[in-house]
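Engineer: This is the structure I have questions about; it appears just below.
There are 2 protein chains.
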Amino acid sequence: MTTTTPSNVFHIEPNTRSCKECRIRQLCLTAELNPTELAQLDCLARQRRPLTRGAHLFHIGDPLEAVYAIRSGSVKTYTLTPDGREQVTGLRLPGDLVGLDAIGRGIHPSAAEALETTSICALPLNRLEGLKGSAPKIQQRLMQVMSEEIQDNEEHITLLGKQSAEQRIANLLLNLAKRYQLRGYSVHEFNLSMSRTDIGNYLGLAIETVSRLFTRLQELGLISVERKHVRINDLEKLRSFASPVDAPATARAHA
Amino acid sequence: MTTTTPSNVFHIEPNTRSCKECRIRQLCLTAELNPTELAQLDCLARQRRPLTRGAHLFHIGDPLEAVYAIRSGSVKTYTLTPDGREQVTGLRLPGDLVGLDAIGRGIHPSAAEALETTSICALPLNRLEGLKGSAPKIQQRLMQVMSEEIQDNEEHITLLGKQSAEQRIANLLLNLAKRYQLRGYSVHEFNLSMSRTDIGNYLGLAIETVSRLFTRLQELGLISVERKHVRINDLEKLRSFASPVDAPATARAHA
DNA sequence: CGAATCCTTGAACACCTTCAACAGGGGTGG
DNA sequence: CCACCCCTGTTGAAGGTGTTCAAGGATTCG
Chain A
1 MTTTTPSNVF HIEPNTRSCK ECRIRQLCLT AELNPTELAQ LDCLARQRRP
51 LTRGAHLFHI GDPLEAVYAI RSGSVKTYTL TPDGREQVTG LRLPGDLVGL
101 DAIGRGIHPS AAEALETTSI CALPLNRLEG LKGSAPKIQQ RLMQVMSEEI
151 QDNEEHITLL GKQSAEQRIA NLLLNLAKRY QLRGYSVHEF NLSMSRTDIG
201 NYLGLAIETV SRLFTRLQEL GLISVERKHV RINDLEKLRS FASPVDAPAT
251 ARAHA
Chain B
256 MTTTTPSNVF HIEPNTRSCK ECRIRQLCLT AELNPTELAQ LDCLARQRRP
306 LTRGAHLFHI GDPLEAVYAI RSGSVKTYTL TPDGREQVTG LRLPGDLVGL
356 DAIGRGIHPS AAEALETTSI CALPLNRLEG LKGSAPKIQQ RLMQVMSEEI
406 QDNEEHITLL GKQSAEQRIA NLLLNLAKRY QLRGYSVHEF NLSMSRTDIG
456 NYLGLAIETV SRLFTRLQEL GLISVERKHV RINDLEKLRS FASPVDAPAT
506 ARAHA
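Residue numbers (my numbering), protein chains in the order written: chain A, 1 to 255; chain B, 256 to 510.
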């Protein structure tokens, strides 16, 4: 932060503590709810003290108490391999929900850890279910969000199953750019909240490969990277790197 | 089928066409519903003519009309990469639900194709939502199933992100064995409904690698493979292959 | 200012892929 | 019923992408 400071490094502090005036309301569970429904959700959304970097929202194996909405900051979710290594399964930004994978069995199968100072809303599930009768749209919206998460996971499976290291990096950058844009920031410039280690872990690559490819994309003039700060200089060309029309050399076996 | 015929090659024809007497009721959306709720679901579950091998339940881009429960047979789901290659995202067995990833946006982001003769129940979503008031448990159960699908996807992401080719194959076999066992068949013997191509695609491996590893696991005495027929000879040892306590050689970078 | 952490870069290596050829079934048509 | 062909699966050898190992540089924080 001694150098340039893209907008997303400032915390997106919602104007107030209520859903109704939350700046990222349109992205959250609250999207398309009417004022009455918003008020109902407000009543049960507990806000916790902000998490500091490295703090856990929940651990693997914890009983499900609530699902959580990110208000500001960011969170990584991860599972553990049988031999105890971490697999990063997702990056959550303001407006995203965390913990949906615990609803099935009542136990968190993955952990959520703050990547920076992060504030959240806790949505106690049992009280959420109590709303069902009076506010079916909340329930319905929750199902939508879960379905979108399934879809996102399928995209990530495709990334891990079919794409070259270069494509994975390019797609991550485009994904982040799009999500920051949805939140009102520039498509072209943002700060990575994940470390190189987390990025490599998330993309199924060695950390050295991540570093090398950032350097390469920079040498090609597509992006500028300096530590966590990323600038996309040529969005179109980056897209053509991420999704080449002709299959890359390594792709035939999977065809 | 000229050789041995494990039980799962016989179609699991439900005794009757009603949910109440469906043999796989406990695995499906119907698990833990009371007779009244079962009857409600029965009313709207339309049964379609069985799909033949290669037939699609829906294509990518189709509008969401219903989600589907598998009654017998099996189905693969897949998405397309930007350059038009297929990525197999899942294998669905009797009792599993298909199409949940379409609820979010109303459009199927992935396709579902029968791997063999397959019969299904269609659950029209709009009529399902109409049940919400009278049968909230169905809605709740649907959320559970979706959450479990998220969890399954996370496991598959871990497989693709962290595991060696050998581990991927071993885990696939164990996964299938477990699911067939849940459906009342032997853990030790079953028929693959996926081709080698589909298996490789699903596991992010070249088809030749799949073939070689089947051969290797057979040489080690862990399994016996002949075309689609698989016998697990040493379940414990296969488990230790799938989840070694000490990280494999290729794993350090992801640690 | 020093230590720890994170990131970068280089070189050797390994796993898996690619390319190539062949074997075996299953279906079709003569 | 057999010959033929196509498709699926197998096996071998060479090659490549990404990993591993190693070392050095940069940043941050106490």
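All C-beta atoms, glycine included, are put in the ideal place defined by N, C-alpha and C.
All values derive from a computational prediction rather than experimental measurement.
Tell me the DSSP secondary structure of B:I362 in three-state form.
Structural biologist: As a working mapping, residue 362 of chain B is identified with position 107 in the second sequence. B:I362 falls in the strand class under three-state DSSP.
Engineer: Does B:G316 get closer than 8 Å to chain A when you measure Cβ to Cβ?
Structural biologist: Taking the second sequence and counting its residues from 1, the one referred to as residue 316 of chain B is at position 61. Not one chain A Cβ lies under 8 Å of B:G316.
Engineer: How long is the line joining the alpha carbons of A:L91 and A:D152, rounded to whole angstroms?
Structural biologist: Your numbering for residue 91 of chain A matches position 91 in the first sequence. Your numbering for residue 152 of chain A matches position 152 in the first sequence. So the two alpha carbons sit approximately 11 Å from each other.
Engineer: Buried or exposed: where does A:R46 fall if 16 or more other Cβ atoms within 10 Å of its Cβ makes it buried?
Structural biologist: Numbered from 1 along the first sequence, position 46 holds the residue referred to as residue 46 of chain A. The residue is exposed, with fewer than 16 neighbouring Cβ atoms inside 10 Å.
Engineer: Short check: CB of A:L44 to CB of A:L100, under 8 Å?
Structural biologist: Residue numbering aside, residue 44 of chain A sits at position 44 when the first sequence is read from its first letter. Residue numbering aside, residue 100 of chain A sits at position 100 when the first sequence is read from its first letter. Cβ distance not < 8 Å, so A:L44 and A:L100 don't count as in contact.
Engineer: Check whether the Cβ atoms of A:F214 and A:I157 sit closer than 8 Å, and answer yes or no.
Structural biologist: Within the first sequence, numbered from 1, the residue matching residue 214 of chain A stands at position 214. Within the first sequence, numbered from 1, the residue matching residue 157 of chain A stands at position 157. For A:F214 and A:I157, no; Cβs fall outside 8 Å.
Engineer: At what residues does the beta strand (DSSP E) containing A:E166 begin and finish?
Structural biologist: What you label residue 166 of chain A is simply residue 166 of the first sequence in a count that begins at 1. Note, A:E166: premise wrong, no beta strand (DSSP E); alpha helix (DSSP H) at A165 to L182.
Engineer: Kindly provide the ranges of any alpha helix (DSSP H) runs that are 4 or more residues long and lie completely inside the segment 438-472 of chain B, ordered along the chain.
Structural biologist: The segment 438-472 of chain B contains these whole alpha helix (DSSP H) runs: 451-458.
Engineer: Strictly under 8 Å for the Cβ-Cβ distance: is A:N34 near chain B by that measure?
Structural biologist: In the first sequence, counting from the first residue as 1, residue 34 of chain A sits at position 34. Chain B contact via Cβ: absent.
Engineer: Taking a contact to mean a Cβ-Cβ separation below 8 Å, would you say B:S441 touches B:R451 in this structure?
Structural biologist: The residue you call residue 441 of chain B lines up with position 186 of the second sequence. The residue you call residue 451 of chain B lines up with position 196 of the second sequence. For B:S441 and B:R451, no; Cβs fall outside 8 Å.
Engineer: Would you report the Cα separation of A:R105 and B:Q399, rounded to the nearest angstrom?
Structural biologist: For the purposes of this step, residue 105 of chain A is taken as residue 105 along the first sequence, with counting starting at 1. For the purposes of this step, residue 399 of chain B is taken as residue 144 along the second sequence, with counting starting at 1. Roughly 7 Å between the two C-alpha positions.
Engineer: Are the segment 325-335 of chain B and the segment 426-441 of chain B in contact at 8 Å, needing three or more beta carbon pairs?
Structural biologist: The segment 325-335 of chain B vs the segment 426-441 of chain B: no contact.
Engineer: Please determine, among B:R340, B:I375, B:E368 and B:I405, the residue with the shortest C-alpha to C-alpha distance to B:P349.
Structural biologist: On the second sequence, residue 349 of chain B is found 94 positions in, with the first residue counted as 1. When only C-alpha atoms are compared, the closest one is B:I375.
Engineer: Do A:D42 and A:K20 have their C-beta atoms within less than 8 Å of each other?
Structural biologist: For the purposes of this step, residue 42 of chain A is taken as the residue at position 42 of the first sequence. For the purposes of this step, residue 20 of chain A is taken as the residue at position 20 of the first sequence. A contact, by the Cβ cut-off of 8 Å.
Engineer: Do A:N201 and A:E37 have their beta-carbon atoms positioned less than 8 Å apart in this structure?
Structural biologist: On the first sequence, residue 37 of chain A is found 37 positions in, with the first residue counted as 1. On the first sequence, residue 201 of chain A is found 201 positions in, with the first residue counted as 1. In this structure, A:N201 does not lie closer than 8 Å to A:E37 by Cβ.
Engineer: Mind checking if B:E404 is an interface residue toward chain A, Cβ cutoff 8 Å exclusive?
Structural biologist: Residue numbering aside, residue 404 of chain B sits at position 149 when the second sequence is read from its first letter. Output row for B:E404: interface = yes.
Engineer: Can you list, in chain order, the residues of its chain with a C-beta nearer than 7 Å to that of A:L277? Leave out the 5 residues immediately preceding and following it.
Structural biologist: Outside the shown range of chain A, which is 1 to 255, sits residue 277 of chain A, and nothing can be said about it.
Engineer: Given a threshold of 16 other Cβ atoms within 10 Å of its Cβ, counted over all protein chains shown, does A:R17 qualify as buried or as exposed?
Structural biologist: By 1-based counting over the first sequence, the position of residue 17 of chain A is 17. Label assigned to A:R17: exposed.
Engineer: Ignoring anything shorter than 3 residues or poking outside the segment 118-159 of chain A, list the beta strand (DSSP E) runs there in chain order.
Structural biologist: Counting only runs of 3 or more, we get 119-124.
Engineer: Would DSSP call B:K331 helix, strand or coil?
Structural biologist: Position 76 of the second sequence, counted from the start, is the residue given in the question as residue 331 of chain B. B:K331: strand per DSSP, three-state reduction.
Engineer: Short check: CB of A:A111 to CB of A:F58, under 8 Å?
Structural biologist: As a first step, residue 111 of chain A must be located in the first sequence, where it is residue number 111. As a first step, residue 58 of chain A must be located in the first sequence, where it is residue number 58. For A:A111 and A:F58, yes; Cβs fall inside 8 Å.
Engineer: For B:E491, count neighbouring C-beta atoms within 10 Å of its own C-beta (all shown protein chains included) and say buried if the count is 16 or more, exposed if not.
Structural biologist: Mapped onto the second sequence, residue 491 of chain B falls at position 236. So B:E491 ends up on the exposed side.
Engineer: Strictly below 8 Å CB to CB, what residues from chain B border A:T215?
Structural biologist: As a first step, residue 215 of chain A is located in the first sequence; it is residue number 215 there, counting from the start. Residues of chain B passing the Cβ test: none, with the nearest at roughly 17 Å.
Engineer: Would you decide whether A:A138 is buried or exposed? Buried here means 16 or more other CB atoms lie within 10 Å of its CB.
Structural biologist: The residue you call residue 138 of chain A lines up with position 138 of the first sequence. Rather than Ala, the amino acid found at residue 138 of chain A in this sequence is Ile. Counting Cβ neighbours within 10 Å, A:I138 comes out buried, since at least 16 surround it.
Engineer: According to a CB-to-CB cut-off of less than 7 Å, which residues of the segment 314-347 of chain B neighbour chain A?
Structural biologist: Within the segment 314-347 of chain B, the qualifying residues are T334, T336, P337, D338, R340, Q342 and T344.
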